[in-house]
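Residue numbers (UniProt numbering): 1 to 540.
Note that CB positions come from ideal geometry on N, CA and C, so glycine has one too.
All figures in this text were calculated on a predicted structure; none of them were measured in a lab.
Structure first, commentary second.
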């Protein structure tokens, strides 16, 4: 049996979650292997809604621009009642502006394009997906994980410091690690998904029959892939399993539910049957083995939260793994479960409640509820995931309550003017020479960011950590300063961070607030790292 050289992290599963994690680790110059049992890259729309917070993650990683090239133009959704009459037409994914959020709406991208963009980014960082690698066995000790992987009939022992299971709801990693997958399978509720070509239907809109016989049926044109995305529940006694699904299955379901003449289905690209599961793990970690995405939690598709929640898992875990691999204390990795498990619990509860809320015999009411969910009027949760918070986490510390933002909150974006200073004396700079910057541009990368509002001296950052903490001062117009500063000319940053006078905000590499307050001393930031060292895991 062949044995590989030691690597830092091996990722099992090369879907959006595994690829996001691989990109985040590779850009930190860590040695990463990502293995998938598939022998070819999958096609098909599958998860297509990239929500607002996930777009911010993809911007930081450097793939958002590429994804935008493949995004479908927002189309109205036409809602029908059981008799085939149009009851409403609305653009569901065109959400209103959200202060501090550059991408309030959803980007509709077929999953094959999302994965391709992430693979392209990963390759630019020197790592490629290894296809045809089936995990057979898993073992670990206090120093490493050994994954026995079968490649085209030959077995290889892959050794790594850590192994992450991003291998979906049927996760082999989860089973090998002995982690329970608690919950239920709704055996009588199966969903039909697919991409195929459709003739005879208006391609300028998406179509949704919200309460016809048998449940909600949708057909959405996806011009970028030259297909339509079809979803519908299968009847409990339909008898169709994954092996028996065909174009005829889709045509029959459409005929039974809708009965619209002149519509023809052909040239299927991707067909599948999904059994509704409401399940999650009781822990995200077993020693050096971690789980992320569907390997850790699955739920109904109501609200399009699955891929997005998994990407947030990866983004939370990536920087913590990197710090520990560079010598930070191991307990930092415990905060992954601490922060993400409650989020998964909430997603399971909210998607289940939302799915039931959308089930109604009143088509107009169903359409209003569905549209409302994507326009910020959902009674169960924020589908954009912008409001996710880690308040109360071991990594969150409030110095006081003098400013509005709290430790654990997502740090919002804002626009400021970068004003240059030379030799400590203010230059006579013409307005056109000042540069407008976004706070998100300052956050991008693998570092912590320290924002100092007002003229009080910034706290010291120890010499060994200065490269990991980038400090920026934010001032209102007219305040004197003797250093390079960001001028908050419109007051946007002060308003969004809730700062009236002075304020201090330390932001983690994943864009969440670590430390916040209106009063501080020279050691406030150093004390945060030192006092929380066993939790935060920043090495001395």
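Exposed or buried, residue i, counting other C-beta atoms within 10 Å across all chains shown (16 or more means buried)?
i           : result
residue 222 : buried
residue 297 : buried
residue 509 : buried
residue 186 : exposed
residue 173 : buried
residue 345 : exposed
residue 85  : exposed
residue 226 : exposed
residue 219 : buried
residue 48  : buried
residue 255 : exposed
residue 60  : buried
residue 328 : buried
residue 154 : exposed
residue 6   : exposed
residue 427 : A caution first: residue 427 carries a pLDDT of 36, below 50, which makes its placement in the model too unreliable to give a value.
residue 413 : buried
residue 149 : buried
residue 577 : The structure shown has nothing for residue 577, since the chain only spans 1 to 540.
residue 451 : buried
residue 170 : exposed
residue 283 : exposed
residue 3   : exposed
residue 180 : exposed
Measuring alpha carbon to alpha carbon, tell me which of the options ends up nearest residue i.
i           : options               : result
residue 355 : 365, 301 and 339      : 301
residue 514 : 360, 146, 399 and 75  : 399
residue 370 : 211, 111, 179 and 141 : 211
residue 471 : 480, 453 and 312      : 453
residue 166 : 9, 95 and 252         : 9
residue 476 : 517, 463 and 417      : 417
residue 189 : 443, 289 and 278      : 278
residue 474 : 93, 437 and 136       : 437
residue 406 : 117, 260, 251 and 507 : 507
residue 250 : 193, 446, 50 and 132  : 193
residue 183 : 2, 349 and 443        : 349
residue 522 : 504, 409 and 285      : 504
residue 209 : 358, 480 and 6        : 358
residue 31  : 271, 159, 494 and 351 : 159
residue 365 : 87, 323, 276 and 92   : 87
residue 351 : 304, 500, 97 and 341  : 304
residue 293 : 362, 341 and 136      : 341
residue 323 : 22, 181, 175 and 446  : 446
residue 289 : 469, 93 and 175       : 175
residue 286 : 455, 529, 73 and 333  : 333
residue 26  : 520, 125 and 98       : 125
residue 512 : 444, 480 and 299      : 444
residue 468 : 448, 479 and 480      : 448
Assuming residue i contacts residue j (C-beta within less than 8 angstroms), just tell me the rounded distance between them.
i           : j           : result
residue 339 : residue 390 : 5 angstroms
residue 325 : residue 161 : 6 angstroms
residue 52  : residue 104 : 5 angstroms
residue 492 : residue 415 : 6 angstroms
residue 100 : residue 496 : 5 angstroms
residue 388 : residue 343 : 6 angstroms
residue 34  : residue 146 : With 8 angstroms as the limit, residue 34 and residue 146 do not qualify as a contact, their Cβ atoms being about 17 angstroms apart.
residue 308 : residue 114 : The pair is not a contact, with the Cβ atoms about 11 angstroms apart (cut-off 8 angstroms).
residue 12  : residue 163 : 7 angstroms
residue 205 : residue 89  : 7 angstroms
residue 132 : residue 157 : 17 angstroms between Cβ atoms; not a contact.
residue 393 : residue 408 : 6 angstroms
residue 313 : residue 17  : 7 angstroms
residue 276 : residue 216 : Actually they do not touch by this definition, with Cβ atoms about 13 angstroms apart.
residue 253 : residue 268 : Not confirmed; about 13 angstroms, so no contact.
residue 96  : residue 440 : With a Cβ gap of about 20 angstroms, residue 96 and residue 440 do not count as contacting.
Pull the bridge partners of residue i from the DSSP assignment, please.
i           : result
residue 23  : None, per the DSSP bridge assignment.
residue 193 : 231 and 272
residue 516 : 398 and 505
residue 32  : 9
residue 50  : 107
residue 419 : 485
residue 129 : 34
residue 477 : Partner(s): none; residue 477 has no beta bridge.
residue 452 : 473 and 504
Under 7 angstroms from any heavy atom of the ligand ADP, does the C-beta of residue i make it?
i          : result
residue 38 : The ligand ADP is absent from the structure shown, which contains no ligands of any kind.
(request) Indicate whether the contact test is met: 3 or more Cβ pairs, each with one atom in the stretch 34-43 and one in the stretch 78-87, closer than 8 angstroms. (result) no
(message) When you compare the stretch 363-380 with the stretch 455-462, are there three or more beta-carbon pairs, one atom per stretch, that lie closer than 8 angstroms?
(response) no
(message) Check whether the stretch 111-125 and the stretch 135-151 are in contact - that is, three or more C-beta pairs closer than 8 angstroms.
(response) no
(message) Could you check whether the stretch 253-266 touches the stretch 302-319, counting it as contact only if at least three pairs of C-beta atoms, one from each stretch, sit closer than 8 angstroms?
(response) no
(request) Decide yes or no for the touch test of the stretch 55-73 against the stretch 192-207: beta carbon pairs closer than 8 angstroms, at least 3 of them. (result) no
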